[in-house]
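Enquirer: To start, I am sharing the structure in question, which I have written as structure tokens.
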Amino acid sequence: MLDSLLALGGLVLLRDSVEWEGRSLLKALVKKSALCGEQVHILGCEVSEEEFREGFDSDINNRLVYHDFFRDPLNWSKTGEALPGGPLGALRAMCNRTDLGPVTIALDSLSWLLLHLPCTTLCQTLHTVSHQDSCPPGDGSPVGKVHVLGLLHEELHGPGPMGALSSLAQTEVTLGGIMGQASARILCRRPRQRPTDQTQWFSILPDFSLDLQEGPSIESQPHSDPHIPPVDPTAHLTFNLHLSKKEREARDNLTLPFQFSSEKQEALLRPRPSQATSHIFYEPDAYDDLDQEDPDDDLDI
Amino acid sequence: MGVNLTMARERGQLVFLEGLKSAVDIFFQAQEKPHPLQFLREANAGNLKPLFEFVREALKPVDSGEAGWTYPVLLVDDLSVLLSLGLGAVAVLDFIHYCRATVCWELKGNVVVLVHDSGDVEDEENDILLNGLSHQSHLILRAEGLATGFCRDVHGQLRILWRRPSQSTSQRDQSLTYQYKIQDRSVSFFAKGMSPAVL
Numbered sequence: 001m002l003d004s005l006l007a008l009g010g011l012v013l014l015r016d017s018v019e020w021e022g023r024s025l026l027k028a029l030v031k032k033s034a035l036c037g038e039q040v041h042i043l044g045c046e047v048s049e050e051e052f053r054e055g056f057d058s059d060i061n062n063r064l065v066y067h068d069f070f071r072d073p074l075n076w077s078k079t080g081e082a083l084p085g086g087p088l089g090a091l092r093a094m095c096n097r098t099d100l101g102p103v104t105i106a107l108d109s110l111s112w113l114l115l116h117l118p119c120t121t122l123c124q125t126l127h128t129v130s131h132q133d134s135c136p137p138g139d140g141s142p143v144g145k146v147h148v149l150g151l152l153h154e155e156l157h158g159p160g161p162m163g164a165l166s167s168l169a170q171t172e173v174t175l176g177g178i179m180g181q182a183s184a185r186i187l188c189r190r191p192r193q194r195p196t197d198q199t200q201w202f203s204i205l206p207d208f209s210l211d212l213q214e215g216p217s218i219e220s221q222p223h224s225d226p227h228i229p230p231v232d233p234t235a236h237l238t239f240n241l242h243l244s245k246k247e248r249e250a251r252d253n254l255t256l257p258f259q260f261s262s263e264k265q266e267a268l269l270r271p272r273p274s275q276a277t278s279h280i281f282y283e284p285d286a287y288d289d290l291d292q293e294d295p296d297d298d299l300d301i
Numbered sequence: 001m002g003v004n005l006t007m008a009r010e011r012g013q014l015v016f017l018e019g020l021k022s023a024v025d026i027f028f029q030a031q032e033k034p035h036p037l038q039f040l041r042e043a044n045a046g047n048l049k050p051l052f053e054f055v056r057e058a059l060k061p062v063d064s065g066e067a068g069w070t071y072p073v074l075l076v077d078d079l080s081v082l083l084s085l086g087l088g089a090v091a092v093l094d095f096i097h098y099c100r101a102t103v104c105w106e107l108k109g110n111v112v113v114l115v116h117d118s119g120d121v122e123d124e125e126n127d128i129l130l131n132g133l134s135h136q137s138h139l140i141l142r143a144e145g146l147a148t149g150f151c152r153d154v155h156g157q158l159r160i161l162w163r164r165p166s167q168s169t170s171q172r173d174q175s176l177t178y179q180y181k182i183q184d185r186s187v188s189f190f191a192k193g194m195s196p197a198v199l
């Protein structure tokens, strides 16, 4: 699904966060467009042109038209080098383009534009730019598809502007991941079809090609190595834990002292005549008073 | 850390803008040219263009003929104060953007910025500033206290997050956590749970 994002026209929102950055994916999609032969315009507000072009080979770089709004976006230097009209002017100029082939416009970033321009103005301009292909010019010549890729930093905007941009977008890709593995949740709205919601695990290779993956393996516990035999804890001891066969038999035949068997019951109930009754040997002291009378005699029981 | 800052200042290696003192100057002294903290005099929330121009002026090579200093470092301590003084988060982000363009891109130097996290307190402007800066950064160092509370031998935890997409490999193993103890003139770092005091 991730590699067919550019099949549909319109606005594609790439929502990233501090932990899962989206510029690599933006560059990977830009590379894909360039390899398809499309003209690619980059509105660069957040990083320098050198940094954006880093990692692309010369064929890709030759196809990229970079509009540099990094060096002096607010015209503070007043040297006249800044592009007239600022980023909004450049975006509006793309609405009136004369070249009608397929084109990809990458906004790096849409967050920068949203922080510096009124939301309504930006939304209107985005709508006009991304729907150019649905309004062909009067002479009936076909207009190539327009793809607008907008990098949006989720944490910087409130629900209002995010909602407005969401409603304009045909596709929303939200970046996330688990355990070092990146994922993209792709919400796609096609006209007259049900919206689709899919998650794709991926990684970006150093040359900015997309590598689609299965996802992180569920078991994170290391397997016990079958080549190592289990260790016998009773080996190499200084005392004997084992029993010989005779010792085992003697142990099994032993009656436990508190086990109540029938023989024991008989022995208790019938006192054996061979056993003499117990005797008490008493040596009276000089002070002892031996009284032969029964002390309980006076009790009338 | 064993660096003589006074000598560095005399040689021109260190340029120090003392914000507090400078802020007092702007009210009690007549200024002929725009002051770096000019926004304090303005009624509306302004921008930090004068402060950026001060930075750019300070980084200009001296015309004395000897080799100038290379690879500058701009240290900003701290940006959250600027929010408290009435500037908007976007104005502060724009200032840092221009500093990055001049110091990092033009002069191949580094910018190091301190900003406070409002934590549990809901501060929308500070959150926009913090997140906006994080997105502009190549390296984020988050210093926080220990989850278990105060400890005499472990003062806190430092989380390091790299955000350099051009150097990414297929494994996104770009986050590390260390614990630290602040000493008299240095800081000692160790892996979590490996403080010498508890081993």
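So the sequences go chain by chain: A and B. For the first sequence, the UniProt record's numbering puts the final residue at 301, and the numbers step up evenly by one. For the second sequence, the UniProt record's numbering puts the final residue at 199, and the numbers step up evenly by one. Every residue gets a Cβ at the ideal spot worked out from N, C-alpha and C, and that includes glycine. Remember, it's a predicted structure, so these values are computed and weren't measured experimentally.
1) Report all residues from its chain with a CB closer than 7 Å to the CB of A191 (chain B); omit the five preceding and five following residues, and keep chain order.
2) Tell whether a beta-carbon distance below 8 Å holds between T174 (chain A) and C188 (chain A).
3) Report all residues from its chain with a CB closer than 8 Å to the CB of F54 (chain B); omit the five preceding and five following residues, and keep chain order.
4) For G86 (chain B), does the three-state DSSP call read helix, strand or coil?
5) Taking 8 Å as the cut-off, decide whether the C-beta atoms of L79 (chain B) and V115 (chain B) are in contact.
6) Round the Cβ separation of L210 (chain A) and D3 (chain A) to the nearest angstrom and send it over; I've been treating them as touching at under 8 Å.
7) Any C-beta of chain B sitting closer than 8 Å to the C-beta of residue 303 (chain A)?
8) Pick out whichever of B:F52, B:F27, B:G156, B:G19 has its Cα sitting closest to the Cα of A101 (chain B).
9) What are the partner residues of L14 (chain A), as DSSP defines its beta bridges?
10) For the alpha helix (DSSP H) that C119 (chain A) lies in, which residues bound it at each end?
11) Consider the Cβ of L152 (chain A): report whether some Cβ of chain B lies at a distance smaller than 8 Å.
12) Quick one: which residues of the segment 142–156 of chain B get their C-beta closer than 9 Å to a C-beta of chain C? List them in chain order.
13) DSSP three-state label for D184 (chain B), please.
14) The beta strand (DSSP E) that contains I188 (chain A), what's its start and end?
15) Mapping DSSP to helix, strand and coil, what is I178 (chain A)?
16) Buried or exposed for D59 (chain A), please, with buried defined as at least 16 other CB atoms from any protein chain shown within 10 angstroms of its CB.
17) Could you tell me which residues DSSP pairs with G158 (chain A) in its beta bridges?
18) Would you mind stating whether H147 (chain A) and S109 (chain A) have Cβ atoms separated by less than 8 Å?
19) Pull the bridge partners of Q39 (chain A) from the DSSP assignment, please.
20) Tell me, please, which residues DSSP counts as bridged to Q200 (chain A).
21) In its own chain, which residues sit with a C-beta less than 6 Å from the C-beta of L237 (chain A), not counting the 5 before and 5 after it?
22) Can you give me the C-alpha to C-alpha distance between G109 (chain B) and D68 (chain A), rounded to a whole angstrom?
23) Measure the C-alpha to C-alpha separation of G158 (chain A) and P196 (chain B) and round it to an integer number of angstroms.
24) Do T104 (chain A) and E38 (chain A) have their C-beta atoms within less than 8 Å of each other?
25) My output table needs one value for Q179 (chain B): the three-state DSSP class, helix, strand or coil.
26) DSSP three-state label for H138 (chain B), please.
27) Answer yes or no: does any C-beta atom of chain B fall closer than 8 Å to that of L117 (chain A)?
28) In the segment 125–144 of chain B, which residues sit with their C-beta less than 8 Å from some C-beta in chain A, listed in chain order?
29) Quick check: L83 (chain B) and L133 (chain B), are their CB atoms within less than 8 Å of each other?
30) Within the same chain, show all residues whose beta-carbon is closer than 6 Å to that of D120 (chain B), passing over the 5 residues directly before and after it, in chain order.
31) Could you give the first and the last residue of the continuous beta strand (DSSP E) run that contains R159 (chain B)?
32) At 8 Å on the CB atoms, spell out the chain A contacts of A101 (chain B), in chain order.
33) Could you please give the first and the last residue of the uninterrupted alpha helix (DSSP H) stretch that includes L20 (chain B)?
34) For V12 (chain A), which of A:L117, A:A169, A:G22 has the nearest alpha-carbon?
35) Sort A:E54, A:P73, A:R71 by Cα distance to L64 (chain A) and report the nearest one.
36) Contact check, P87 (chain A) vs L151 (chain A) under 8 Å by CB: the rounded distance?
Expert: Considering the structure as presented:
1) Y178
2) no
3) L17, P36
4) coil
5) yes
6) 6 Å
7) Here chain A covers residues 1 to 301 and nothing more, so residue 303 (chain A) does not appear.
8) B:F52
9) A:L151, A:V173
10) 119–130
11) no
12) You won't find chain C in this structure, because its protein chains are A and B.
13) coil
14) Rather than Ile, the amino acid found at residue 188 (chain A) in this sequence is Cys. Unbroken beta strand (DSSP E) run through C188 (chain A): 181–188.
15) strand
16) exposed
17) Answer is none; G158 (chain A) lacks a bridge partner.
18) no
19) A:V103
20) A:A184
21) none
22) 20 Å
23) 46 Å
24) yes
25) strand
26) coil
27) no
28) D127, I128, N131, G132, S134, H135, Q136, I140
29) no
30) none
31) 156–162
32) S48, F70, R71, D72
33) 19–28
34) A:A169
35) A:E54
36) Their Cβ separation, rounded to whole angstroms, is 13 Å, which puts P87 (chain A) and L151 (chain A) out of contact at 8 Å.
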